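As structure tokens, the structure follows; a few thoughts come after it.
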Amino acid sequence: MSTEQTTKNYIRLGVFFQGVNSNTVWKTPEAGSQTDFESFRRLAQTAERGLFSAFFLGEGLRLREHLGAVHDLDVVGRPDAQTMLAALAAVTTNIGLVATQNTTYNDPADLAHRLASLDLLSGGRAAWNIVTTDNAWTGANFRRGGYLDHQDRYTHAEAFVETAKAIWDSWGSEDIAATGRQASWLRPGAATPIEHQGAHYTIDYTSRLPRSAQGRPVLFQAGDSAEGRDFAARQADVIFSAHTGLQAATDFRTDITARTLKAGRAASAVKIMPGAEFILAETPQAAEEKRRWVKEQQIGPQQALAYLEQFWGESLEGIDPEGPLPSFDPKISESDVTRGSGFQGAKAVELTREWRETATAQGLNILEFVRVKSGRSDGTFAGSYTQVADRLEQFAARGVVDGFNVTPWLIPNGLDDIVNHLVPELQERGIYPTEYSGNTLRENLGLDALEPATTKRHSDKTIIEVGA
Ligand SMILES: Cc1cc2nc3c(=O)[nH]c(=O)nc-3n(C[C@H](O)[C@H](O)[C@H](O)COP(=O)(O)O)c2cc1C
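Residues 612 to 1079 in our numbering are what the sequence shown lists, from first letter to last.
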């Protein structure tokens, strides 16, 4: 086990594969299938070869919709995250397995059990990326509907996570007999019932599983509002942020540190790993050519118009993608919510007028403008291996992030050049691990070990009062 890991600002890497997305390039011969286990096996094993901390799956419970129909430009069809991660646990050894699961539509006892199962089966490599989900139409999937207002979503999430943590902490790993040769399977009085009576549900549950090798699943969080950030400061081990640029990441770290200290936790208790895209080549020129090609593949004429339609709130069929932005204002009203983009209509007119001015001033047609606009220039590391390593070294020197969640633009081979070229360069500079620190995700993220049981055990029941 390495001892140097605690003393350096490492840049750790995870790989993030979304539930639905439009960033992955599928129309190229090297692209694999998004439904085939082979793609995921290849990707996860490559990540593990590159000592990635985590293999991370996003979640989309309902296909995105656009102008009243399924948004058929998205890549969809990925099998269920937990099923996929359980299968990957069998073909990997060290890499963490992170499942995005929302609190709004799950039940705490059920989800806690499923995540604990993954954690046990993988030898302490599971994590839960906690999301609250920001749209009402996903609720139509469920018997109870159950969409909540923004504020309520986080109150609910807090009660949910406190309950899940109590469930995971209610057994010691020593509480269960490993074989049937003892008088009973369970140590008498071992499994403490968890009772929660709150605004959203009433639960009286006795956990069915002992603690895992890492105590309980690591908690990731993704959600960027003030409430989301405070929630992360109280509950998360890792934040999956959208603040990738050096300045944005610095500001985000400052903000999260203040919130974490206010929540009574050490600043180092919350790691930050923004999402990022890497487009790499041997030379700066080759990387720039590749970047252009990737952007062209990601945003073609259909994607460009669909992007604008989200803001104009109507079909732009017939408008030339190689011509100027529409000369008319959006008709979208304040109450409209474009499904899947999260964008609300209130500022559409103001915003699109600004865009029109910018595009005209810079001489950009629709296609070019949307490529620039949605190109996540902040979130893209494009350049030669050395150039990108230089940039990452700046992040490591400032200590503003603990790593990045790579969103590969090509599946399943999109990590190859990172693992083969960038990782060795970072290792040489001493800013990337040279081995896995241990067997659990908690160890491999440099997180402190948990106390044996963090929940105070009462004589007969553990009462969770958060959100009551
Ligand atoms: C980087 C990032 C990744 C996210 N990934 C998912 C996801 O995979 N599935 C999902 O339902 N929501 C996802 N969300 C959305 C959150 O669930 C949350 O609903 C949304 O950000 C609104 O909360 P907020 O107002 O606190 O940001 C993500 C959010 C962020 C910032």
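Using N, Cα and C, we set each Cβ at its ideal position, and we do this for glycine too. Keep in mind that this is a model prediction, so the values were computed, not measured.
Rounded to the nearest angstrom, the gap between the Cα atoms of L820 and V960 is 54 Å. When DSSP states are grouped into helix, strand and coil, V981 belongs to the helix group.
Judged by their CB atoms, H682 and R675 are nearer to each other than the 9 Å cut-off. DSSP lists E806 as the beta-bridge partner residues of D815. In the DSSP assignment, A747 falls outside any beta strand (DSSP E), carrying neither H nor E. According to the DSSP secondary-structure assignment, Q832 is paired through a beta bridge with I741, I850. Checking the 8 Å criterion, the Cβ of T635 is out of range of every heavy atom belonging to ligand 1. T711 has N740 as its beta-bridge partners, per DSSP. In the DSSP annotation of this structure, the continuous segment of the beta strand (DSSP E) that includes R623 starts and ends at 623-628. Counting every other CB atom within 10 Å of its CB across the protein chains shown gives P799 a total below 16, marking it as exposed. Selection D815, A701, K906 evaluated against L1021 yields K906 as nearest (Cα-Cα).
Here L696 has L668, L708, A710, L729 as same chain residues with Cβ atoms under 7 Å from its own Cβ, once five neighbours each way along the sequence are excluded. Counting along the chain, the unbroken beta strand (DSSP E) around V1017 starts and ends at 1014-1017.
If only complete runs of 3 or more residues are kept, the region 654-688 shows the beta strand (DSSP E) at 665-668, in order along the chain. Per DSSP, the continuous alpha helix (DSSP H) segment holding A959 begins and ends at 959-973. Within the same chain, R652, A655, Q656 come within 8 Å of V702 by CB-CB distance, once the 5 residues on both sides are set aside.
With a threshold of 8 Å, the Cβ atom of H682 does not count as near ligand 1, since no heavy atom of the ligand is closer than that.
The beta carbon of E1054 sits closer than 7 Å to those of S1048, all from its chain and outside the five residues before and after it, given in chain order.
With contacts defined as CB atoms closer than 9 Å, R822 and W796 fail to qualify as a contacting pair. Contact between G735 and A824 is confirmed by a C-beta separation of about 3 Å, below the 8 Å threshold. Taken from the Cβ of N752, every heavy atom of ligand 1 lies 8 Å or farther away.
In the pairwise beta carbon analysis, the region 1029-1040 is classified as not touching the region 895-903: fewer than three pairs are separated by under 8 Å. Judged by DSSP secondary structure, A892 falls within the beta strand (DSSP E) whose first and last residues are 886-892.
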